[in-house]
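Asks: Taking our numbering, I'd label the letters of the sequence shown as residues -12 to 492. The beta carbon of each residue, even a glycine, is placed where N, CA and C say it ideally should be. Since the structure is predicted, the reported quantities are computational estimates derived from the model, not experimental observations.
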Amino acid sequence: MPDAVDAVIVGSGIGGLVAGAMLARYGRRVVVCESHGIAGGAAHGFERRGFRFDTGPSFFCGLSDRTSLNPLRQVLDALGETVEAIAYDPLGHYHFPEGTLPIYGDAARYREAVAQFTPTGAQELAQFEQQMLRLYEALRGIPTLALRADWKLVSTLMGRYPLALLTLLPHLRLIRGSVGDVLDTWVRDPFVRRLVDLECFLLSGLTAAGTVAPEVSFMLGERSRSVVDYPLGGAEAIVAALVRGLKTWGGELRLNTHVEEIVVEQGRVQGVQVRGGDRLLAPVVISNATIWDTYTHLLKPDRLPATYRQTALDTAAIDSFMHLHLGIRADGLEGLTGHHVVLHEGDRPLTDPGNTCMISIPSVWDATLAPPQHHVVHAYTLEPFVSWQRDGDYAHRKHAKAEPLYRALERVIPDVRQRVVQEMIGTPLTHAHYLRRDRGTYGPAIPAKQGMFPSPQTPIAGLYRVGDSTMPGIGVPAVAASGLLCANTLVSPQQTTDLLNQLGL
Ligand SMILES: Cc1cc2nc3c(=O)[nH]c(=O)nc-3n(C[C@H](O)[C@H](O)[C@H](O)COP(=O)(O)OP(=O)(O)OC[C@H]3O[C@@H](n4cnc5c(N)ncnc54)[C@H](O)[C@@H]3O)c2cc1C
-12 MPDAVDAVIV GSGIGGLVAG AMLARYGRRV VVCESHGIAG GAAHGFERRG
38 FRFDTGPSFF CGLSDRTSLN PLRQVLDALG ETVEAIAYDP LGHYHFPEGT
88 LPIYGDAARY REAVAQFTPT GAQELAQFEQ QMLRLYEALR GIPTLALRAD
138 WKLVSTLMGR YPLALLTLLP HLRLIRGSVG DVLDTWVRDP FVRRLVDLEC
188 FLLSGLTAAG TVAPEVSFML GERSRSVVDY PLGGAEAIVA ALVRGLKTWG
238 GELRLNTHVE EIVVEQGRVQ GVQVRGGDRL LAPVVISNAT IWDTYTHLLK
288 PDRLPATYRQ TALDTAAIDS FMHLHLGIRA DGLEGLTGHH VVLHEGDRPL
338 TDPGNTCMIS IPSVWDATLA PPQHHVVHAY TLEPFVSWQR DGDYAHRKHA
388 KAEPLYRALE RVIPDVRQRV VQEMIGTPLT HAHYLRRDRG TYGPAIPAKQ
438 GMFPSPQTPI AGLYRVGDST MPGIGVPAVA ASGLLCANTL VSPQQTTDLL
488 NQLGL
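(1) Compute the minimum distance between the beta carbon of Pro77 and the heavy atoms of ligand 1, and state whether it is under 8 angstroms.
(2) With a threshold of 16 other CB atoms inside 10 Å of the CB of Met145, please say whether the residue is buried or exposed.
(3) According to the Cβ coordinates, are Thr476 and Ala136 closer than 9 angstroms?
(4) Looking at C-beta atoms only, is the number of pairs between the region 270 to 277 and the region 326 to 337 that lie closer than 8 angstroms three or more?
(5) Which class does Gln409 belong to by DSSP, given the choice of helix, strand or coil?
(6) Taking Cβ to Cβ, would you say Phe115 is nearer than 9 angstroms to Val199?
(7) Does DSSP classify Gly28 as helix, strand or coil?
(8) Would you check whether ligand 1 has a heavy atom nearer than 8 angstroms to the C-beta of Gly244?
(9) Just how far apart, CA to CA, sit Pro106 and Leu153?
(10) Assign His331 to one of three DSSP states: helix, strand, or coil.
(11) Is His327 close to ligand 1? I mean its beta-carbon at under 8 angstroms from any heavy atom of the ligand.
(12) Tell me whether the beta-carbon of Gly430 lies closer than 9 angstroms to the beta-carbon of Ile461.
(13) Using alpha carbons as the reference points, say which of Val70, Glu202, Ser347 lies closest to His362.
(14) Identify whether Gln117 lies in helix, strand or coil by the three-state DSSP scheme.
(15) Run the CB neighbour count on Asn488, radius 10 Å, all protein chains shown included, and call it buried at 16 or more, exposed below.
(16) With DSSP collapsed to three states, give me the class of Thr281.
(17) Applying the 10 Å Cβ sphere with the 16-neighbour rule, what's the burial state of Lys287?
(18) Following the continuous beta strand (DSSP E) through Gly167, name the residue where it begins and the one where it ends.
(19) Taking only the alpha-carbon atoms, compute the straight-line gap between Ala133 and Thr143 and give it to the nearest angstrom.
(20) Figure out for me which residue from Asp425, Val251, Leu240 has the closest Cα to the Cα of Gly449.
(21) Kindly indicate which three-state DSSP category Phe40 falls into: helix, strand or coil?
(22) Answer with buried or exposed for Arg377, where buried requires no fewer than 16 other C-beta atoms within 10 angstroms of its C-beta.
(23) Alpha carbon to alpha carbon, how far is Ala(-4) from Lys234?
(24) Could you give the residue range of the beta strand (DSSP E) that holds Gln482?
(25) State buried or exposed for Tyr512, treating a residue as buried only when at least 16 other CB atoms are found within 10 Å of its CB.
(26) Check whether the Cβ atoms of Cys48 and Glu223 lie closer than 9 angstroms to each other.
(27) Just to confirm the assignment: which complete beta strand (DSSP E) runs, minimum length 3, are found wholly within the region 179 to 247?
(28) Give every residue of the same chain whose Cβ lies closer than 7 angstroms to the Cβ of Arg39, excluding the five residues on either side of it in the sequence, and list them in chain order.
(29) Name the two residues that bound the continuous beta strand (DSSP E) containing Thr87.
(30) Rounded to a whole number of angstroms, what is the C-alpha to C-alpha distance between Ile129 and Leu150?
(31) Following the continuous alpha helix (DSSP H) through Leu337, name the residue where it begins and the one where it ends.
(32) In the DSSP output, what is Ile433 paired with across the bridge?
(33) Apart from the five residues on each side of it in sequence, which residues of its chain come closer than 6 angstroms, Cβ to Cβ, to Met345?
(34) Evaluate the contact criterion for the region 252 to 261 versus the region 22 to 37: three or more CB pairs, one atom per stretch, below 8 angstroms.
(35) Any idea what DSSP makes of Tyr421, helix, strand or coil?
(36) Which partner residues does Val250 have in the DSSP bridge list?
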């Protein structure tokens, strides 16, 4: 029987959608199977009583700037899609026990704000940022759209971007190094060291010592040289644009289509077995499920070399989350800003569950996300998955664990509890269920210098992986890059060159 399609993608997270849409853009017949009734994975949106909630990401960059290095932006351009977004500065406020620091994209304003806490620290921070921004500028010369995950990359880069490659050479150590190394060289001030740790934690789930330098270079570069912006309509507007792009280029998205098994015979992928009986044949299957879900639930154990499988499954996982989704009355909150991070106790590790709370109130940028005179709020904090079960204590425990989130919100909106008109509390069990993620994890904990996120290839011919447990890592720009790397690896360098020419990159 002929293959029904060229590639099946398991999962419609940003990584899966980018891989699928880009392969469709390259002319491949593609089907994306999504287990959930809504596309987008961690980036999906949902509605309750007129409030539109983001489930996960709310911090984006470069959506409205063609010069941005954000791979997602490059993908949207390649698909002919746009996402309307609103730029804002300050990007957020960090609420430390000793006071509140506004975070500005504008470098001079940011330094002034830090100097209010520590003048020496502000100078050290400027030196630290200078190092990181040099790498951002060097990365500028090679668009992510040109990258692939096999040896053919070398000839593509040498042929098309020889000067940019030369510019990158002096930064090789930094590219492979950790933010902690740069921090140790340039910053002594404890306030600034903790600030950088916090920013790393928000990106990678790890502190500076564990975070790879290019990730922070990218963040600092985008926010000071490009733009931080929020998509009108919420994160789901990005998902919708990718789905439109997938369909425009002939791809198909099947919702409520849970893949039970990736079918492998004689070491080669044959397709997927869908719950309910259908088998979809394809020579290529791309799993957007996490590394643990893919190798535990989707593949029979004997399909992989035992040691490879065990090593993959032993990858450490970052914790899951407690979530608080609120609809609140907005009267008297005219000066409210959209992003806040609250650190409750300065002498406790910021990675401790409940100690660092992230808050986003996207209706300050897009009023259509909430009914008139209301705001939509998402607050979350790390929470381990272990020991959560739906027993008699579940409801009580859930409310108790939401307390640090309410206390964090009170730093921003002191009477928030009296304003609530809609409340939903999510636990790691909720997170694991709706995002279909093993233990509801944020992603792999692979510290810089102790390993690298795996490439899209697997030991099984025709089986590839994308998303936040593959290269380059966690976060929307990173998983978009993972989808791109995978799609490019599956086509000829000439096809990518043609696309780059069309886009003028
Ligand atoms: C609370 C939170 C806040 C965040 N904030 C930000 C932020 O502000 N900025 C940022 O850049 N990043 C942020 N992130 C990180 C970012 O959202 C994720 O790294 C990224 O969206 C993950 O995308 P992914 O492609 O790896 O897959 P996922 O989003 O995990 O999607 C995988 C998809 O596969 C589907 N699936 C799994 N198994 C099957 C199966 N067997 N059959 C069919 N389908 C299946 C799932 O249902 C899911 O839709 C945040 C994450 C969280 C959780």
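Replies: By the coordinates alone:
(1) Walking along the sequence shown from the start, residue 77 turns up at place 90. Checking every heavy atom of ligand 1 against the Cβ of Pro77, none is found closer than 8 angstroms.
(2) Stepping through the sequence shown from its first residue, residue 145 is reached at position 158. Met145 comes out exposed.
(3) Here residue 476 is taken as the residue at index 489 of the sequence shown, counted from 1. Here residue 136 is taken as the residue at index 149 of the sequence shown, counted from 1. In this structure, Ala136 lies closer than 9 angstroms to Thr476 by Cβ.
(4) No: fewer than three Cβ pairs fall under 8 angstroms.
(5) Mapped onto the sequence shown, residue 409 falls at position 422. Shown here, Gln409 sits in a strand according to DSSP, grouped into three states.
(6) The residue you call residue 115 lines up with position 128 of the sequence shown. The residue you call residue 199 lines up with position 212 of the sequence shown. Taking 9 angstroms as the cut-off, the Cβ atoms of Phe115 and Val199 do not count as close.
(7) Here residue 28 corresponds to residue number 41 of the sequence shown, with the count starting at 1. Helix, per DSSP.
(8) Counting from 1 along the sequence shown, the entry for residue 244 is found at position 257. Looking at the sequence itself, residue 244 is Thr, so the reference to Gly does not match. Yes, Cβ of Thr244 sits closer than 8 angstroms to a heavy atom of ligand 1.
(9) As a first step, residue 106 is located in the sequence shown; it is residue number 119 there, counting from the start. As a first step, residue 153 is located in the sequence shown; it is residue number 166 there, counting from the start. C-alpha of Pro106 to C-alpha of Leu153: approximately 37 angstroms in a straight line.
(10) As a working mapping, residue 331 is identified with position 344 in the sequence shown. Looking at His331 - three-state DSSP - the assignment turns out to be coil, as it is neither helix nor strand.
(11) One-based indexing of the sequence shown puts residue 327 at position 340. Checking every heavy atom of ligand 1 against the Cβ of His327, none is found closer than 8 angstroms.
(12) Counting from 1 along the sequence shown, the entry for residue 430 is found at position 443. Counting from 1 along the sequence shown, the entry for residue 461 is found at position 474. Contact: yes.
(13) Here residue 362 corresponds to residue number 375 of the sequence shown, with the count starting at 1. Shortest Cα-Cα distance from His362 to any of Val70, Glu202, Ser347 involves Ser347.
(14) Numbered from 1 along the sequence shown, position 130 holds the residue referred to as residue 117. Gln117 carries a helical assignment under DSSP once its states are collapsed to helix, strand and coil.
(15) Here residue 488 corresponds to residue number 501 of the sequence shown, with the count starting at 1. The residue is exposed, with fewer than 16 neighbouring Cβ atoms inside 10 Å.
(16) Against the sequence shown, residue 281 aligns to sequence position 294. Residue state, collapsed to three classes: helix.
(17) Position 300 of the sequence shown, counted from the start, is the residue given in the question as residue 287. Classification of Lys287: exposed, given that the 10 Å Cβ count is below 16.
(18) Along the sequence shown, read from residue 1 onward, the residue named residue 167 stands at position 180. Annotation: Gly167 is outside any beta strand (DSSP E); the continuous alpha helix (DSSP H) that includes it extends over 166 to 173.
(19) Translated into the one-based positions of the sequence shown, residue 133 becomes position 146. Translated into the one-based positions of the sequence shown, residue 143 becomes position 156. Our two residues, Ala133 and Thr143, have alpha carbons roughly 8 angstroms apart in a direct line.
(20) Locating residue 449 in the sequence shown gives position 462, counting from the first residue. Here the closest residue by C-alpha is Val251.
(21) Mapped onto the sequence shown, residue 40 falls at position 53. If DSSP states are grouped into helix, strand and coil, Phe40 belongs with the strands.
(22) Taking the first residue of the sequence shown as 1, we reach residue 377 at position 390. So Arg377 ends up on the exposed side.
(23) For the purposes of this step, residue -4 is taken as the residue at position 9 of the sequence shown. For the purposes of this step, residue 234 is taken as the residue at position 247 of the sequence shown. A small correction: the amino acid at residue -4 is Ile; Ala does not occupy that position in the sequence shown. Each residue's alpha carbon lies about 14 angstroms from the other.
(24) Along the sequence shown, read from residue 1 onward, the residue named residue 482 stands at position 495. Segment 480 to 490 is the alpha helix (DSSP H) holding Gln482; no beta strand (DSSP E) there.
(25) This structure gives no information on residue 512, because the portion of the chain shown stretches from -12 to 492.
(26) Looking up residue 48 in the sequence shown gives position 61. Looking up residue 223 in the sequence shown gives position 236. If you check the CB distance, Cys48 and Glu223 do not come in under 9 angstroms.
(27) Taking only runs of at least 3 residues, the beta strand (DSSP E) segments lying wholly in the region 179 to 247 are 216 to 218, 239 to 241.
(28) The count along the sequence shown starts at 1 and reaches residue 39 at position 52. Gly32, Gly221, Leu356, Val363, listed in sequence order.
(29) The residue you call residue 87 lines up with position 100 of the sequence shown. Residues 86 to 90.
(30) In the sequence shown, the residue the question calls residue 129 occupies position 142. In the sequence shown, the residue the question calls residue 150 occupies position 163. Distance between the alpha carbons of Ile129 and Leu150 is about 10 angstroms.
(31) Counting from one through the sequence shown, the residue named residue 337 turns up at place 350. Element bounds for Leu337: n/a, residue is neither H nor E.
(32) Counting from 1 along the sequence shown, the entry for residue 433 is found at position 446. The partner list for Ile433 (beta bridge, DSSP) is empty, contrary to what the question assumes.
(33) Walking along the sequence shown from the start, residue 345 turns up at place 358. Cβ within range, chain order: Val328, Tyr367.
(34) Look at the beta carbons and you see the region 252 to 261 not touching the region 22 to 37: under three pairs across the two are nearer than 8 angstroms.
(35) The residue you call residue 421 lines up with position 434 of the sequence shown. Correct three-state label for Tyr421: helix.
(36) Locating residue 250 in the sequence shown gives position 263, counting from the first residue. Beta-bridge pairing links Val250 to Gly258.
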